[in-house]
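Enquirer:
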Amino acid sequence: MAFSFLVAFGLGAVAYLVLHFLFRPDPLKLLNIYGQPGKWYFLKFHLMRFIIDRRQKKSKKGNASESKENLMNSQWGGDGGERDIEEMEKKHDMKQEWSADAVFFDASNRYGWYFTLGTAQRPNDIINLFFILRIPGVGTFVNEELHTDTNVKSIHCSEKEWKTESGFIVSCIEPMKKWRIRFNGKLASSPGKVNFVKNGAEKMKDDVKIFDANFDLTWTNFGAQFDFDKQCSPTAIAHSLAIEPWSRGLFDKMRASHQTHYEQFGKLVGDVKIGTHETKGVRMTSMRDHTIAGYRRWSDIRRYIMMIYHLEDGTCIHTSVISMPETVFSHLEFGYIVTPSGETKSVDRVHFSLPNHGEDRDFPNDFHYSFEVDGKTHYADVHIKEAVSFKMGLDQACQVNEGMAEYVVDGKKGWGFAEVEYRIQPY
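Residue numbers (full-length UniProt numbering): 1 to 427.
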């Protein structure tokens, strides 16, 4: 009888624990926005990591496929078709209302030079444009339109170029190896850091100074491209998905909002003249990216931070955390590094909490975070020495603070950007 009692008691205890687990509510979202690991996190995480890893491996085998992937409608891990380099590097047709083909460069060096240029081709001959150049001892300069409306007129040109009426020309010379950036026109003094309170264009302020300027820069690659579909860490993406409540709608949105995106680090070298100041042979470490999307709407993103920089030993790093809770991810993390020898490695985790950094839209100039690569955790200290604010998107509903930053990672000094974005209204 004692044995029967123990068996019954044991079964009852197991049943209680199972019911307690099943009926235990998931933790509330932080600030009613950011997902947290719930009772099914372990299962969801390992399931998604397996699926993503399998898709990536299948995609690599599909490189020999005769079919080509539709880059305007790609999926996580790729769809198994070939990603032709010539096709990837060209500018694509804008067939949908929110289509985008965006090329971006940033660059910096230990001497205090910072350079960033974004040119996103949109329908109806519009380019989302932003340009910032910091010259140590001289000043920080931006494109004139950055003060008012970053939607500028583009010029019809070849599929290898992005060109604006204001004088910017970005050209692909050799796919994945060499690009050229030229400008001849007017630049303006920096607006500095601003906190915008409403959507839409701004008025030009009276104290803005205008300068004649021109530059001719050549970008060359360092290492291979990092394809976010095929090389992002399954661990990072699986974690970001596992903290969200799952539904068919979630995965439908994930498919509809996906974009083809790849990046390369390299060197940016050339000549710059602003006003009477001229510099020959300036040299910076640079990251170039290319985004191809059938649908890209900036205001779908509530906020993000992108940290893109290089270290004194030659290591190049990109770590990001993005929140777009109405779409899919409330706290998406990803990244990669390029070693001094040119080897590319994905980042498995980015330990940076959005709710604990600048949730009130007052982002700190000094902060710390860590990230994991190949089972090793790296610790980073970040200092934003200067920031430039501007609006982005066809509806001008987002604010970007482009932070020019200094880094220290595991004791090694670094230089680059900490780009912070907030949706203006509704936040």
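For every residue, glycine included, the Cβ atom is placed at its ideal position computed from N, Cα and C.
#1: Buried or exposed for residue 115, going by 16 or more other Cβ atoms inside 10 Å?
#2: If we call anything under 8 Å between Cβ atoms a contact, is residue 125 one with residue 154?
#3: If we require 3 or more residues per run, which beta strand (DSSP E) segments fall completely within the region 146-197?
#4: Inspect the beta-carbon positions of residue 130 and residue 390 and report whether they are closer than 8 Å.
#5: For the region 258-268 against the region 291-310, are there 3 or more C-beta pairs whose distance is under 8 Å?
#6: Taking all protein chains shown into account, decide if residue 201 is buried (16 or more other Cβ within 10 angstroms of its Cβ) or exposed.
#7: To the nearest angstrom, report how far apart residue 369 and residue 384 are at their CA atoms.
#8: For the pair the region 270-287 and the region 214-221, tell me if three or more CB-CB distances fall below 8 Å.
#9: For residue 151, count neighbouring C-beta atoms within 10 Å of its own C-beta (all shown protein chains included) and say buried if the count is 16 or more, exposed if not.
#10: Give the DSSP-derived three-state secondary structure of residue 398 in the structure shown.
#11: In terms of residue numbering, what span does the beta strand (DSSP E) encompassing residue 140 cover?
#12: Would you mind working out which of 239, 289 and 401 sits nearest residue 329, comparing C-alpha positions?
#13: What is the DSSP secondary structure of residue 56, counted as helix, strand or coil?
#14: Within its chain, find whatever has a CB closer than 8 Å to the CB of residue 205; leave out the 5 residues flanking it on each side and keep chain order.
#15: Touch check for the region 316-331 and the region 25-37: three-plus C-beta pairs under 8 Å?
#16: Could you check whether the region 292-299 touches the region 393-405, counting it as contact only if at least three pairs of C-beta atoms, one from each stretch, sit closer than 8 Å?
#17: Take residue 351 and list the residues in its own chain whose beta-carbon comes closer than 7 Å to its own, dropping the five residues that flank it on each side.
#18: DSSP has residue 270 in a bridge; who is on the other side?
#19: For residue 252, which residues of its own chain have a beta-carbon under 7 Å away from its beta-carbon, when the five flanking residues on both sides are left out?
#20: Out of 243, 142 and 117, which has the shortest C-alpha to C-alpha gap to residue 43?
#21: Under the three-state reduction of DSSP, which class applies to residue 256: helix, strand or coil?
#22: So, using beta-carbon positions, are residue 166 and residue 185 closer together than 8 Å?
#23: Report yes if the CB atom of residue 193 is closer than 8 Å to the CB atom of residue 380, and no otherwise.
#24: In angstroms with no decimal places, state the Cα-to-Cα distance between residue 228 and residue 53.
#25: Roughly how many whole angstroms lie between the Cα atoms of residue 507 and residue 120?
#26: Can you give the Cα-Cα distance for residue 135 and residue 111, rounded to whole angstroms?
#27: I need the straight-line Cα distance from residue 345 to residue 236, nearest angstrom please.
#28: For residue 304 and residue 321, which I take to be in contact (beta-carbon distance under 8 Å), what is that distance rounded to the nearest angstrom?
#29: Evaluate residue 276 with the Cβ neighbour count: other Cβ atoms within 10 Å of its Cβ, from every protein chain shown; 16 or more gives buried, anything less gives exposed.
#30: Just tell me which of 382, 313 and 357 has its CA closest to the CA of residue 422.
#31: So, with DSSP's three-state summary, where would you put residue 411?
#32: By Cβ distance, which residues of its chain are closer than 8 Å to residue 164, with the 5 residues on each side in sequence left out?
#33: Using only the alpha-carbon positions, how far apart do residue 404 and residue 420 sit?
#34: In whole angstroms, what separates the C-alpha of residue 410 from that of residue 259?
#35: In its own chain, which residues sit with a C-beta less than 6 Å from the C-beta of residue 222, not counting the 5 before and 5 after it?
Expert: Taking the coordinates as given:
#1: Buried.
#2: Yes. Within cutoff.
#3: Whole beta strand (DSSP E) segments, 3+ residues: 151-153, 161-163, 168-174 and 178-189.
#4: Yes. Within cutoff.
#5: Yes, the region 258-268 is in contact with the region 291-310.
#6: Under this definition residue 201 is an exposed residue.
#7: Roughly 14 Å separates the two Cα atoms.
#8: Touching, per the Cβ criterion.
#9: When all chains shown are included, residue 151 counts as buried.
#10: Three-state DSSP puts residue 398 in a strand.
#11: For residue 140, the uninterrupted beta strand (DSSP E) run begins and ends at 139-143, by DSSP.
#12: Of the candidates 239, 289 and 401, the one whose C-alpha sits nearest the C-alpha of residue 329 is 239.
#13: Correct three-state label for residue 56: helix.
#14: Sequence-distant partners of residue 205 (beyond 5 residues in either direction) whose C-beta falls short of 8 Å from its own C-beta, in its chain, are 147 and 191.
#15: Output reads yes: the region 25-37 touches the region 316-331.
#16: They touch, by the three-pair rule.
#17: Contacts found: 369, 370 and 371.
#18: Note: residue 270 sits in a beta bridge opposite 217 and 282.
#19: Cβ neighbours of residue 252 beyond the five flanking positions: none.
#20: With respect to the C-alpha of residue 43, the residue from 243, 142 and 117 having the closest C-alpha is 243.
#21: Residue state, collapsed to three classes: helix.
#22: For residue 166 and residue 185, yes; Cβs fall inside 8 Å.
#23: The Cβ atoms of residue 193 and residue 380 lie no closer than 8 Å to each other.
#24: Rounded to the nearest angstrom, the gap between the Cα atoms of residue 228 and residue 53 is 13 Å.
#25: Given a span of 1 to 427 for the chain in the structure shown, any question on residue 507 remains unanswerable.
#26: Rounded to whole angstroms, residue 135 to residue 111 spans 9 Å at the Cα level.
#27: For the pair residue 345 and residue 236, the Cα-to-Cα distance works out to about 13 Å.
#28: About 7 Å; that satisfies the 8 Å criterion.
#29: Of the other Cβ atoms in all chains shown, fewer than 16 fall within 10 Å of the Cβ of residue 276; this residue is therefore exposed.
#30: Ranking 382, 313 and 357 by CA distance to the CA of residue 422 puts 357 first.
#31: Under the three-state reduction of DSSP output, residue 411 falls in the coil class, being neither helix nor strand.
#32: Counting only residues of its own chain and dropping the five nearest sequence neighbours on each side, residue 164 has a CB closer than 8 Å to the CB of 119, 127, 129, 152, 153, 154 and 155.
#33: Rounded to the nearest whole angstrom, the CA to CA distance from residue 404 to residue 420 is 11 Å.
#34: Going by the C-alpha atoms only, they are around 33 Å apart.
#35: Hits under 6 Å: 265 and 266.
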